[in-house]
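Data first, discussion second: the structure below is written as structure tokens.
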Amino acid sequence: MGLRKAALRKAVIFGAAVAAAGFVATATVQAQTPGPNDQFIAGLIYRTGAYAPNGIPFANGIADYYALVNARDGGINGVKISYEECDTAYATDRGVECYERLKNKGPTGTAYVSPLSTGITFALTEKAPIDKIPIISMGYGRSESRDGSVFQWNFPLLGTYWSAADIIMQHIAKKEGGFDKLKGKKIVLVYHDSPYGKEPIALLEQRAKMHGFEFTPMPVTHPGVEQKATWLQIRQNRPDYVLLWGWGVMNSTSIKEAAAVGFPRDKMYGVWWSGAEPDVRPAEDGAKGYNAAMLQHGAGQFAVHADLKKFLYDKGQGSAKYDETGEVLYNRGLINGMLGVESIRKAQTKFGNKPLTGEQVRWGIENLEISAARIKELGFEGMLQPMKVSCSDHEGTRAGRIQQWDGKKWTVVSEWYESDDKVIKPMVDAAAKKYAEEKKLTVRDCSKES
Amino acid sequence: MLGAFLETLIGGLLTGVLYSLVALGFVLIFKASGVFNFAQGAMVLFAALTIARLSGEIDNKEVHLANFVVAAAILGVAVALIGWYAWREYVARGAGPDERRKMQMLAAVGALVGGIAAYSYGKGAWPIWLAIAATAAIMGLLAYAIERLVLRHLVNQEGIILFMATLGIANFLDGFGQTLWGSDIYKINLGLPKDPLFLFENVFPGGLLVDPGELVAAGIAAGLVVVLAIFFQKTRVGRALRAVADDHAAAQSVGIPLNTIWLIVWTVSGLVALAAGLIWGAKLGVQFSISLIALKALPVLILGGFTSVPGAIVGGLIIGAGEKLSEVFLAPVLVKAFDLAGGGIENWFAYMLALVFLLFRPQGLFGERIIERV
Amino acid sequence: MLYREAGQFKTTYVADQQIFPILQDRMFVLAVIVAAFLAVPMFASPYLYTEILIPFLILSMAAIGLNILVGYCGQVSLGTGGFMAVGAYAAYNLWLRVPEVNNLIVVFLFGGVMAAAVGILFGIPSLRIKGFYLAVATLASQFFLDWLFARVKWLTNYTPSGSVAVGKLEVFGWHIDTPADRYLLILGLVVVATLVAKNLVRGHIGRSWMAIRDMDIAAEIIGFRPLRTKLTAFAVSSFFIGVSGAMWAFLRLGAWEPLAFDINRSFQILFMVIIGGLGSLLGSFLGAAFIVLMPILLNQLPGWFGIRMSTALLSHLEFMVFGAMIVFFLIVEPHGLARLWAVAKEKLRLWPFPH
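Protein chains in written order, with the working numbering: chain U, 8 to 457; chain W, 1105 to 1478; chain X, 162 to 516.
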């Protein structure tokens, strides 16, 4: 018994010491509960786990944009944003727990959710219609969820994976001199073995059928640190192009392995989730020449960053370091925050300047239209193309470009492409129809929506 | 075809050496204390993070002042404690409580001075050798903490309880390391060569690809294995370790202090974790995922036997080569035959290989024969 | 005083062989079950249902399954996640392909039976492989099954993403829509499963498992066939785990991918069994409660006290405290929470008098 007591005492002291050290080290005390006139927004983000290096800049971008709106404009038309993060560690069950915990917080519940994980998006897609909370899955999620008649609550704004794959294929075709030149070529997809990585396969198979190139998908198991066999196979099969659909450490590992087997990096094309600084920096010189699709924006600081500096960073209130605010994923977080805020603003025109429910915000997203003038006004000129969301098109825009890493920074190397709706639309319709049938859903008639 | 085969084989063997290195950490601890230490992966991560953050480009990332205070203090305490411990063991065996208290005071002062010195120096990036040395000290301290706070209280428990305790330690270390050092991606720069080598280009079309970085890493690993083997076979401590591994009670009765031995073993496996962390970290960048490397070492363990150092090495080579060959040559066949959505068989193939092997030799390749008495 | 068994005489064999021979135990368990069925639905919020009660109940069942294998039969397994996946995907395929069978109970039982079959297959090596070698060898099943469900397109009905979803569930015409419906269905199944498990472990089969656990050679000599005994343990254990996997997929997730049943799930359930207490059904429940609740609690605790800290720090602290607590519990009570409960009962026997 004495031994046990001693052990107990020790463990308690130890635990207390550790907790105290942790608190003192970085805890920032800022008690913050959403007030009765605040618009609550839940942040399902990740700053821990295997994908933290990519999750952190994105989370910083979102948090900073909301903070900017509060500091600069005093909220959205006077309605302050109350934002709370919950760390999902990119795990689906933790993400769902976070969602359930935060969905009803604040006066009206969360305005929308952006889980930054295709797996969590899949899980929440089942819950959204019941809870009436829209999902903004900007550049990820189910590709067919662009069809708003079936997926009323999903908004894969700015592009789906099928759009991404199509834009990359158009760029490759252009380099080769037309789609007809792709006949007989070998194209390999190295993908993260999860719903995320599998999404583009359907489109690429379709394109392969259309143009007669040989398409081989090659899975890489989570977290993607062991890819030697994959790249040895690539070396032996000598494909003409390699497409990369990775996330987190898998991206940099792929690029390193490509360098190690001598596969030319300028024949490698990543999706927009494989085209940020944490992906190329660890590979150092090996990443030079590597290409990636852009989700509209690239790296760099724009007009909005000046506001961030003035209202947040000069006062020491930013979540990142100011130098890092021009990074690709940080900028993506900013845009995600901005689209959310603009949707709420749009919804306020119909429902009034007060905290809105998810259902009301859903209407705002569906009727969101951002013109070039508005983009400039918001300080996002150069980061975004004009876009318009509608019932039948939850994507808003299908434009994208290709960027290349020159060893120091990303440079844009292509014109704007637009994914080909002649190819994608029938696939979206078929997949959405299958989903609706499996789930026995009633389909909205978009032609009757105003 | 032969070229492709050889190339895959070489790549697999080189990867296998790195698996061996992780497996070695498991074997050392299992041999001396019967603990199946699942925290080995977390230790690899912790060591790699420490090295990377002490040596890395701090100016580029946010400097966590508190982190450095803590790190410097840990370093100081570690240096002082190890000094004190060595002094007690080898100089002052008969020291009374007064001397001991004096030494404790001295250690505390040393920790303070060391901490202040380390901190003021630590504002810039440390040279890699100093970071490695400091990390080695920290791993020693960690071993001490684990022995003192956990293992000592779990003497004579069943294996599975000890195993679960190490899972708890792994959880703790993952959180602790990332709290201290952050969870971004960090670099360790060992200056490993990166450009691929192509051998025998006149024999095989395209040559045989060898990654020189891996070659160097494998060399380091092999060197470490030799050092460990000498340590085990030739030194006094090594003999004591083997004695404990053979029979705890008998070793104790001839005067070998069990706790000290455990401390040494955990320190050594901490150093093995350091080496593994260094190599994997330089290869992949340091971030959370390298703690999952531990899973790769498990089939090596059952193939080679939990208690055999040569088993860990040979097992690593077999698993490394086996999984790469299966992935490159078997997976495409399976995909064609069963219309699968891609290959990726290497994850389970290693386990299946080990499992099938075990059916014929349940104690592993070099494991000790299991003798059962009723 | 209140908890006193003196004076409760057993006059028949039936009375002597009751599951809860002591009146107070019977009353208590009955009260808990009644409360769970009637009182909980009166006040529970959706969050309490979906994130606490439902995961707790489903994982309790998985823990009971694993406890049968590890705690009663002494065969350490790290392949629980894989067997849960078998249950989930088998159930999914029956539900999808045979629309006539839209009764969830049948669907779940099918998942359990398939998991049992696979369990037997992967249990065969246990005859030759023991201890940690077996534990690591069961990882083979974990990784192989994970791979199988990610790769064989037919099993996921050729969905391009490999993620499958279910909807419009019903049991005997009862539509399972709300969290309360799901909770009640799960509760019912778990109560029945626990009853079955309790009767199994205290009967002939359970005794044969324990004989094998305590000393397999001796058990063989007194006439238990090791292969058959071990395989029944694998089968029964996998059945429970398979049913819980199907429930996890259908009633907790709704849409899932193989990652929902990865190796972390295996470790999580093993934690439950060890923390709860090896060879104790009560322990399975206590362990599941501990492992489900603790991370959620640790994550929310600072918020309740008005302390806001960075999300990353919060998660890291959660990891650290969780790890420290595991170690702490193992040191203080290596026989698990169930043992603490037994000690508490001992105390109750005398309470409120000191002697």
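All C-beta atoms in this analysis are idealised placements derived from N, C-alpha and C, irrespective of residue type, glycine included.
Item to complete: Give the straight-line distance between the Cα atoms of alanine 34/U and methionine 470/X, rounded to the nearest whole angstrom.
Response: For this step, residue 34/U is matched to residue 27 along the first sequence. For this step, residue 470/X is matched to residue 309 along the third sequence. The predicted model places alanine 34/U with a pLDDT of 39, which falls under 50 and marks its position as unreliable; any figure quoted below should be read in that light. Taking the straight line joining both Cα atoms gives about 5 Å.
Worksheet item: Quick one: what does DSSP say phenylalanine 30/U is sitting in, helix, strand or coil?
Response: In the first sequence, residue 30/U corresponds to position 23, counting from 1. Residue placement at phenylalanine 30/U is poorly supported in this model, since its pLDDT is 46, which falls under 50; the coordinates still yield a value, given next. Collapsing the DSSP output to three states places phenylalanine 30/U in a helix.
Worksheet item: With a cut-off of 8 Å, does the C-beta of alanine 301/X fall near any C-beta of chain W?
Response: Reading the third sequence from its first residue, position 140 is the one you call residue 301/X. Residue contact with chain W for alanine 301/X: present (Cβ-Cβ distance below 8 Å to some residue of chain W).
Practice prompt. Report the residue from Met245/X, Leu227/X, Ile215/X whose alpha carbon sits nearest the alpha carbon of glycine 444/X.
Written response: Translated into positions along the third sequence, residue 444/X becomes position 283. Closest by alpha carbon: Leu227/X.
Practice prompt. Run down chain X in chain order and give the residues with a C-beta less than 8 Å from the C-beta of aspartate 286/U.
Written response: The sequence position of residue 286/U within the first sequence is 279, counting from 1. Going along chain X, no residue has its Cβ under 8 Å from aspartate 286/U, so there is no contact; the nearest lies around 20 Å.
Practice prompt. May I have the straight-line CA-CA distance separating phenylalanine 401/X from phenylalanine 446/X, to the nearest angstrom?
Written response: Taking the first residue of the third sequence as position 1, residue 401/X is located at position 240. Taking the first residue of the third sequence as position 1, residue 446/X is located at position 285. Phenylalanine 401/X and phenylalanine 446/X have their alpha carbons spaced roughly 14 Å apart.
Practice prompt. Kindly indicate which three-state DSSP category arginine 149/U falls into: helix, strand or coil?
Written response: By one-based count along the first sequence, residue 149/U stands at place 142. Reduced to three states, the DSSP call for arginine 149/U is coil.
Practice prompt. With 8 Å as the threshold, decide whether the Cβ of leucine 1396/W is near any Cβ in chain U.
Written response: One-based indexing of the second sequence puts residue 1396/W at position 292. Leucine 1396/W counts as touching chain U.
Item to complete: Check each candidate in Ser150/U, Val396/U, Val287/U and name the one with the smallest Cα separation from aspartate 173/U.
Response: Here residue 173/U refers to the residue found at position 166 of the first sequence. The candidate whose alpha carbon is nearest that of aspartate 173/U is Ser150/U.
Worksheet item: For alanine 439/U versus valine 157/U, is the C-beta spacing smaller than 8 Å?
Response: Here residue 439/U corresponds to residue number 432 of the first sequence, with the count starting at 1. Here residue 157/U corresponds to residue number 150 of the first sequence, with the count starting at 1. The Cβ-Cβ distance between alanine 439/U and valine 157/U falls below 8 Å.
Discussion item. Per the DSSP calculation, glycine 50/U is bridged to which residue(s)?
Written reply: Indexing the first sequence from 1 puts residue 50/U at position 43. The partner list for glycine 50/U (beta bridge, DSSP) reads Glu92/U.
Practice prompt. State yes or no: is the beta carbon of glutamine 308/U nearer than 8 Å to at least one beta carbon in chain W?
Written response: As a first step, residue 308/U must be located in the first sequence, where it is residue number 301. No, because no Cβ of chain W sits closer than 8 Å to the Cβ of glutamine 308/U.
Worksheet entry | Residue-chain proximity (isoleucine 142/U, chain X), Cβ-Cβ < 8 Å | On the first sequence, position 135 is the one that residue 142/U refers to. By this cut-off, isoleucine 142/U is not an interface position.
Worksheet entry | CB contact check: alanine 252/X to chain U, cutoff 8 Å | Here residue 252/X refers to the residue found at position 91 of the third sequence. Not closer than 8 Å to any Cβ of chain U, the Cβ of alanine 252/X fails to qualify, so no.
Discussion item. Using a Cβ-Cβ distance cut-off of 8 Å, determine whether alanine 326/X contacts chain U.
Written reply: Reading the third sequence from its first residue, position 165 is the one you call residue 326/X. At least one chain U Cβ lies under 8 Å of alanine 326/X.
Worksheet item: How is methionine 394/U classed by DSSP in three states: helix, strand or coil?
Response: For the purposes of this step, residue 394/U is taken as the residue at position 387 of the first sequence. Three-state result, methionine 394/U: strand.
Discussion item. Using a Cβ distance threshold of 8 Å, determine whether the segment 427-445 of chain X contacts the segment 241-253 of chain X, with at least three qualifying pairs required.
Written reply: Taking 8 Å as the limit for Cβ pairs, the verdict is that the segment 241-253 of chain X does touch the segment 427-445 of chain X.
Discussion item. Measuring alpha carbon to alpha carbon, tell me which residue in Ile83/U, Gly126/U, Leu302/U is nearest tryptophan 169/U.
Written reply: On the first sequence, residue 169/U is found 162 positions in, with the first residue counted as 1. Ranking the options by Cα distance to tryptophan 169/U, first place goes to Leu302/U.
Worksheet item: So is the beta-carbon of serine 1357/W under 7 Å away from any non-hydrogen atom of the ligand COA?
Response: With respect to the ligand COA, the structure shown offers nothing to examine, as it has no ligands at all.
Practice prompt. Report the option in Ile179/U, Thr132/U, Asp71/U whose CA atom is closest to the CA atom of tyrosine 424/U.
Written response: Here the question's residue 424/U lines up with position 417 in the first sequence. Distances from the CA of tyrosine 424/U to each of Ile179/U, Thr132/U, Asp71/U were compared; the closest alpha carbon is that of Ile179/U.
Practice prompt. Could you tell me which chain W residues have their CB closer than 8 Å to the CB of serine 259/U, listed as they occur along the chain?
Written response: Walking along the first sequence from the start, residue 259/U turns up at place 252. Neighbours of serine 259/U in chain W, taken as residues whose beta carbon is under 8 Å from its own, are Ile1289, Leu1388, Gly1389 in chain order.
Worksheet item: Around the C-beta of histidine 401/U, are 16 or more other C-beta atoms found within 10 angstroms, so that it is buried, or is it exposed?
Response: Working through the first sequence from its first residue, we reach residue 401/U at position 394. So histidine 401/U counts as buried.
Discussion item. According to DSSP, simplified to helix, strand and coil, what is isoleucine 1162/W?
Written reply: Taking the first residue of the second sequence as 1, we reach residue 1162/W at position 58. Confidence at isoleucine 1162/W is low in this model, with a pLDDT of 47, below 50, so the placement of that residue should be treated as unreliable; the coordinate-derived value is given next. It is helical.
Practice prompt. Take the Cβ of threonine 1339/W as the centre, count every other Cβ of all protein chains shown within 10 Å, and call the residue buried at 16 or more, exposed below.
Written response: Working through the second sequence from its first residue, we reach residue 1339/W at position 235. Counting the other CB atoms within 10 Å of its CB gives threonine 1339/W a total below 16, which places it among the exposed residues.
Practice prompt. Flag lysine 1428/W as yes if its beta-carbon sits less than 8 Å from any beta-carbon of chain U, otherwise no.
Written response: Your numbering for residue 1428/W matches position 324 in the second sequence. Output row for lysine 1428/W: interface = yes.
Worksheet entry | Any C-beta of chain X under 8 Å from that of glycine 1448/W | Counted from its first residue, the second sequence places residue 1448/W at position 344. Using a Cβ-Cβ cut-off of 8 Å, glycine 1448/W counts as an interface residue toward chain X, since at least one Cβ of chain X sits closer than that to its own.
Worksheet item: Does DSSP put isoleucine 539/X in a helix, in a strand, or in coil?
Response: No statement about residue 539/X is possible, as the shown extent of chain X runs from 162 to 516 and does not include it.
Fill in: Residues that alanine 1494/W contacts on chain U, provided the C-beta gap is smaller than 7 Å
The structure shown has nothing for residue 1494/W, since chain W only spans 1105 to 1478.
Worksheet item: With a CB to CB cut of under 7 Å and the five nearest residues on each side skipped, what residues in its chain are close to alanine 311/X?
Response: Indexing the third sequence from 1 puts residue 311/X at position 150. The answer, listed in chain order, is Gly323, Pro419.
Item to complete: At 9 Å on the CB atoms, spell out the chain X contacts of lysine 112/U, in chain order.
Response: Counting from 1 along the first sequence, the entry for residue 112/U is found at position 105. The premise fails here: lysine 112/U is roughly 11 Å from chain X at the closest Cβ pair, so nothing lies under 9 Å.
Fill in: Under 8 Å between C-beta atoms of isoleucine 1273/W and threonine 1154/W
Here residue 1273/W is taken as the residue at index 169 of the second sequence, counted from 1. Here residue 1154/W is taken as the residue at index 50 of the second sequence, counted from 1. No, the Cβ-Cβ distance between isoleucine 1273/W and threonine 1154/W is not below 8 Å.
Worksheet item: To the nearest angstrom, how far is it from the Cα of glycine 333/U to the Cα of leucine 1294/W?
Response: Along the first sequence, read from residue 1 onward, the residue named residue 333/U stands at position 326. Along the second sequence, read from residue 1 onward, the residue named residue 1294/W stands at position 190. Roughly 29 Å separates the two Cα atoms.
Discussion item. So, does the segment 210-219 of chain U touch the segment 186-202 of chain U, judging by three or more C-beta pairs under 8 Å?
Written reply: The segment 210-219 of chain U is in contact with the segment 186-202 of chain U.
Worksheet item: For glycine 126/U versus threonine 99/U, is the C-beta spacing smaller than 8 Å?
Response: The residue you call residue 126/U lines up with position 119 of the first sequence. The residue you call residue 99/U lines up with position 92 of the first sequence. The Cβ-Cβ distance between glycine 126/U and threonine 99/U falls below 8 Å.
Worksheet item: What does phenylalanine 428/X reach in chain W if we use C-beta pairs closer than 7 Å?
Response: Numbered from 1 along the third sequence, position 267 holds the residue referred to as residue 428/X. Those within 7 Å of phenylalanine 428/X in chain W are Leu1271.
Worksheet entry | Any chain W beta carbon closer than 8 Å to valine 232/U | Translated into the one-based positions of the first sequence, residue 232/U becomes position 225. Yes, contact with chain W.
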